[in-house]
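Peer 1:
Protein chains in written order, with our numbering: chain A, 511 to 805; chain B, 205 to 359.
Structure below.
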């Protein structure tokens, strides 16, 4: 039987007012410190004793400028680590230049959670079903990781290492997510399958992104959520379409490739076979939507 | 202990809180405002919804020290004396409740929704209340109450 905990365990709380101060706290406490953004994952985890109680929670929300959302036609979009899902989803810049990102974020949780949770937090928690991940994978986002020792840029394709595991070390923070400007004549779609429309995890999530030259696909990016230990790019499905026109046949081929490549788990949410079948259906549906959207 | 200053329903408070206390515990236990309910305690059910600096949040997921300097509205802050808020009046007239446990959260989510979208579409109402669970009603009358509240608030 599982125990139901009503109270949080003891921990200390600090609210640094500069990035340097936050990094020095993480450098000092290492695994005993937990960075806090929206808390919508951290607090349930700590309360449920699914995670050891941290000695200190480091609230990052008082660091000036960390919640900025900026766009520049050459550099693309930069999401500060503390930008909430609600603010990114509603940003005029995001809706205009990255509609698929805004749509993917709308499928997540509830208004109350979206008002607190951050896109960066969703990535750092790194569950295989993270709804922002497939979209960020096809948009080829780059993460800026910073520690006292310096900074490094990590493409999101190399960030996830397993369920709830990433390359982020204890003393590092993601300070921003950089998303390049989508090339002209590109279209992207994220489709999420879940038994309920709200407050539910993806059984399968599929993001498809196609850049066309005339009618030919000159760049194809397909990413899947909830069907492998991490969110993944699907190389075989991508190459099945590359250099071809979007037709019912080529889409069928790509969808079959995506479905044969995926290695989902069997659990109470869905059986392995069902997830694979749904990867086929959703990939086909996403690519068909892209085909039918006027350029 | 951490010293915090918060404003709840227009009234300022200076409190000494445990760092691991949630805003929900402070509202219910330190301030005695028990209109805000604890359901799941992990951000799934929305029974503890309050409005913090204009945005709806799950009070069970906010640490008390995080609320320092914030303005909070709870269900107790809506009525003016004996006069109900138009949203409360609509839930009362339509009967948008059964056991009533989820109602404060439903009303606070409606408050946040209508503040931003005074005339919500059906889809916007559903999205606005998607983080609030009701285990009795089947939602139809809650939905109708929100529509009626929108009408009343604009009158």
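Ideal placement from N, C-alpha and C gives every residue a C-beta, glycine not left out. Given the structure is predicted, the values throughout are model-derived calculations rather than measurements.
Who pairs with residue 256 (chain B) in a beta bridge, going by DSSP?
Peer 2: Looking at the DSSP assignment, residue 256 (chain B) forms a beta bridge with B:259 and B:276.
Peer 1: In terms of residue numbering, what span does the beta strand (DSSP E) encompassing residue 579 (chain A) cover?
Peer 2: From DSSP, the beta strand (DSSP E) with residue 579 (chain A) extends over 579-582.
Peer 1: Suppose the cutoff is 7 Å on Cβ atoms and the five residues either side in sequence are ignored; what does the same chain contact list for residue 316 (chain B) look like?
Peer 2: So the list reads 255, 259 and 260, once near-sequence residues are dropped.
Peer 1: Quick check on DSSP: helix, strand or coil for residue 660 (chain A)?
Peer 2: Residue 660 (chain A) falls in the strand class under three-state DSSP.
Peer 1: Once DSSP output is grouped into helix, strand and coil, what is the label at residue 695 (chain A)?
Peer 2: If DSSP states are grouped into helix, strand and coil, residue 695 (chain A) belongs with coil.
Peer 1: Just the chain A side, please: which residues come within less than 8 Å of residue 332 (chain B) by C-beta, in chain order?
Peer 2: Going along chain A in sequence order, the residues near residue 332 (chain B) (Cβ under 8 Å) are 621.
Peer 1: Near residue 293 (chain B), what residues of its chain come up, given a Cβ to Cβ distance below 7 Å and the 5 sequence neighbours on each side ignored?
Peer 2: Answer for residue 293 (chain B): 356, listed in chain order.
Peer 1: From the DSSP secondary-structure annotation, give me the bridge partner or partners of residue 665 (chain A).
Peer 2: In the DSSP output, where bridge partners are listed per residue, residue 665 (chain A) has A:652.
Peer 1: Cβ of residue 631 (chain A) less than 8 Å from any chain B Cβ?
Peer 2: No, its Cβ sits nowhere closer than 8 Å to a Cβ of chain B.
Peer 1: Listed from N- to C-terminal order along the chain, which residues in the region 233-256 of chain B have their beta-carbon within a distance smaller than 8 Å of any beta-carbon of chain A?
Peer 2: Result list: 242, 245, 246, 247, 248, 250 and 253.
Peer 1: For residue 747 (chain A), count the other beta carbons within 10 Å of its own beta carbon; 16 or more makes it buried, fewer makes it exposed. Which is it?
Peer 2: It counts as buried.
Peer 1: May I have a chain-ordered list of the beta strand (DSSP E) segments no shorter than 3 residues that lie completely inside the region 291-345 of chain B?
Peer 2: DSSP runs (the beta strand (DSSP E)) wholly in the region 291-345 of chain B: none.
Peer 1: Assuming residue 632 (chain A) contacts residue 596 (chain A) under a Cβ cut-off of 8 Å, what Cβ separation, rounded to an integer in Å, is found between them?
Peer 2: Actually they do not touch by this definition, with Cβ atoms about 13 Å apart.
Peer 1: Is residue 270 (chain B) close to chain A, meaning its C-beta is less than 8 Å from at least one C-beta of that chain?
Peer 2: So, interface residue.
Peer 1: Are residue 588 (chain A) and residue 688 (chain A) closer than 8 Å when you measure CB to CB?
Peer 2: The answer is yes: Cβ separation under 8 Å.
Peer 1: Anyone know if the C-beta pair for residue 523 (chain A) and residue 269 (chain B) falls short of 8 Å?
Peer 2: Taking 8 Å as the Cβ cut-off, residue 523 (chain A) and residue 269 (chain B) qualify as a contacting pair.
Peer 1: On the three-state DSSP scale, how would you describe residue 207 (chain B)?
Peer 2: In the structure shown, residue 207 (chain B) sits in a strand (DSSP, three-state: E or B).
Peer 1: Beta-carbon separation of residue 518 (chain A) and residue 224 (chain B) under 8 Å?
Peer 2: Result yes, Cβ atoms of residue 518 (chain A) and residue 224 (chain B) sit closer than 8 Å.
Peer 1: Do residue 616 (chain A) and residue 674 (chain A) have their beta-carbon atoms positioned less than 8 Å apart in this structure?
Peer 2: It is not a contact, given that the beta carbons lie outside the stated cut-off.
Peer 1: Roughly how many whole angstroms lie between the Cα atoms of residue 332 (chain B) and residue 322 (chain B)?
Peer 2: Their Cα atoms are separated by approximately 12 Å.
Peer 1: Which of the three DSSP states, helix, strand or coil, is assigned to residue 565 (chain A)?
Peer 2: Coil, per DSSP.
Peer 1: Excluding sequence positions up to five away, which residues of its chain have a Cβ less than 8 Å from the Cβ of residue 788 (chain A)?
Peer 2: If we look at residue 788 (chain A) and ignore the five residues flanking it on each side, its Cβ neighbours are 703, 713, 714 and 780.
Peer 1: Report the residues of the region 574-601 of chain A with a CB closer than 8 Å to any CB of chain B, ordered along the chain.
Peer 2: Against chain B - using a Cβ distance shorter than 8 Å - the residues of the region 574-601 of chain A are 596.
Peer 1: Near residue 312 (chain B), which residues of its chain fall below 7 Å by C-beta distance, leaving aside the five closest residues on each side in sequence?
Peer 2: The residues are 253, 254, 255, 260 and 279.
Peer 1: Starting from residue 522 (chain A), find everything on chain B with Cβ-Cβ shorter than 7 Å and list it in chain order.
Peer 2: Near residue 522 (chain A) (Cβ distances below 7 Å), the residues of chain B are 223.
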